[in-house]
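Chemist: In terms of our numbering, the sequence shown has 161 at position 158, counting the first letter as 1, and numbering is strictly consecutive. Input: one structure, supplied below.
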Amino acid sequence: MVLFPRIIRMIIKISQRVLIGEELASNKDWLDVIQNCTGGAFSAVPQLWEIHPILRPFKAWLALPQLRAIKAHKHRARELLGPVLETRLKDLEDPNFKPPPDLLQLIIDGAPDGKGRDLDWQLEAQIGTGRAALSLQRALFSTFSTIFASDLNTLSGCDKKPWK
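Encoded structure:
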């Protein structure tokens, strides 16, 4: 039983349920996009630390496939989020509509100059909060493994990357 990838998937699914709502939180493609964007970004950081800061942008987008893949994942995320945002904006025109308390609505209501109604603005916010949720999970897992495990790799599957 490989535990670590399942824990990551569970945390992503729970956090996305709170952040984006039920429709996308139960969509396998959306969960894959969030997981792959986050995993790709996190896995690239140690490689970028080895490069002089001035050269990092060139190394990042020219030589690191996991960062180049993020563009494709964001394109897919845009396709998935677009109809959800359109529906929400249309529903908001109805005075009897009670919006759910999710991040999508928070951004619509709170972003300056109506930017929360913009798909690209929403997309960056949703992917960014997905990274934050997974980052918190990684910090908790590191603390747990430091306290309870003598060898991080003894915890089933944590030496495997759960993202593409």
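Glycine is no exception: its CB is placed at the ideal position from the N, C-alpha and C atoms.
#1: Mark T41 as exposed unless 16 or more other C-beta atoms lie within 10 angstroms of its C-beta, in which case mark it buried.
#2: For the region 120-131 against the region 80-100, do three or more pairs of beta-carbon atoms, one drawn from each stretch, fall closer than 8 Å, so that the two count as touching?
#3: Which of the three DSSP states, helix, strand or coil, is assigned to H76?
#4: Can the beta-carbon of R67 be found less than 8 Å from the beta-carbon of A47?
#5: If we ignore side chains and look at the alpha-carbon of each, how far apart do L65 and R71 end up?
#6: Nearest by alpha-carbon distance to Q69: which of K93, D94, P56, Q38 is it?
#7: Beta-carbon separation of I73 and K62 under 8 Å?
#8: Quick one: using the 10 Å Cβ neighbour count with 16 as the cut-off for buried, is H78 buried or exposed?
#9: Quick one: is S29 buried, meaning 16 or more other Cβ sit within 10 Å of its Cβ, or exposed?
#10: Run through DSSP, which three-state label would L95 get?
#11: Taking only runs that begin and end inside the region 9-60, name each unbroken alpha helix (DSSP H) of 4 or more residues, in chain order.
#12: Between the alpha carbons of R169 and K16, how many angstroms are there, rounded?
#13: With a Cβ-Cβ cutoff of 8 Å, do L22 and T90 count as a contact?
#14: What number of angstroms, rounded off, separates the C-alpha of L92 from the C-alpha of G117?
#15: How should W33 be labelled, buried or exposed, when 16 other C-beta atoms within 10 angstroms of its C-beta is the threshold for buried?
Modeler: Judging by the given coordinates:
#1: T41 comes out buried.
#2: Enough Cβ pairs lie closer than 8 Å, so yes.
#3: H76 falls in the helix class under three-state DSSP.
#4: In the sequence under discussion, the amino acid at residue 67 is Leu, which differs from the Arg named in the question. Cβ atoms of L67 and A47: closer than 8 Å.
#5: Cα to Cα, L65 sits roughly 8 Å from R71.
#6: Nearest option by C-alpha distance: Q38.
#7: Going by C-beta atoms, I73 is not nearer than 8 Å to K62.
#8: Counting every other CB atom within 10 Å of its CB across the protein chains shown gives H78 a total below 16, marking it as exposed.
#9: The residue in question, S29, is exposed, as its Cβ has fewer than 16 Cβ neighbours within 10 Å.
#10: Looking at L95 - three-state DSSP - the assignment turns out to be helix.
#11: If we require 4 residues or more, the alpha helix (DSSP H) runs fully inside the region 9-60 come out as 25-28, 31-52.
#12: Any property of residue 169 remains undetermined from this structure, which presents the chain solely from 4 to 167.
#13: It is not a contact, given that the beta carbons lie outside the stated cut-off.
#14: Going from the Cα of L92 to the Cα of G117 covers about 12 Å.
#15: By the 10 Å Cβ count, W33 comes out buried.
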